[in-house]
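Engineer: Questions regarding the structure given below will be posed in turn.
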Amino acid sequence: MTDNPIRIHLQWQDGRTLDRDWSAPDESLPPKVEHDGRTFVFTGDRTDRGLPIYQERDEG
31 MTDNPIRIHL QWQDGRTLDR DWSAPDESLP PKVEHDGRTF VFTGDRTDRG
81 LPIYQERDEG
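When you line the sequence shown up against our numbering, it's residues 31 to 90, in that order.
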């Protein structure tokens, strides 16, 4: 089985954003992703370009 990259939109709490490819074992969207030591949770929303939005979760 090979991973299929999907494009996602990450939003930090300080307003920064990043669009990036994410490797997924199937076509479904993961409920949360880890990036640069931070946790991002899928909001259920999409950008105007159709990318799924993941917002940074405060783990503190």
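All C-beta atoms, glycine included, are put in the ideal place defined by N, C-alpha and C.
Would Arg40 be called buried (16 or more neighbouring beta carbons within 10 Å of its own) or exposed?
Structural biologist: Note that residue 40 is Leu in the sequence shown, not Arg. Counting Cβ neighbours within 10 Å, Leu40 comes out buried, since at least 16 surround it.
Engineer: Considering only the beta carbon of each residue, do Arg46 and Val71 sit closer than 8 angstroms?
Structural biologist: No; because the gap between Cβ atoms is not below 8 angstroms, this pair is not in contact.
Engineer: Does DSSP classify Trp42 as helix, strand or coil?
Structural biologist: Of the three classes helix, strand and coil, the one that applies to Trp42 here is coil, per DSSP.
Engineer: How many Å lie between Tyr84 and Asn34 at the Cα?
Structural biologist: When rounded, the distance between both Cα atoms is 18 angstroms.
Engineer: Identify whether Gly74 lies in helix, strand or coil by the three-state DSSP scheme.
Structural biologist: DSSP places Gly74 in strand when its eight states are reduced to three.
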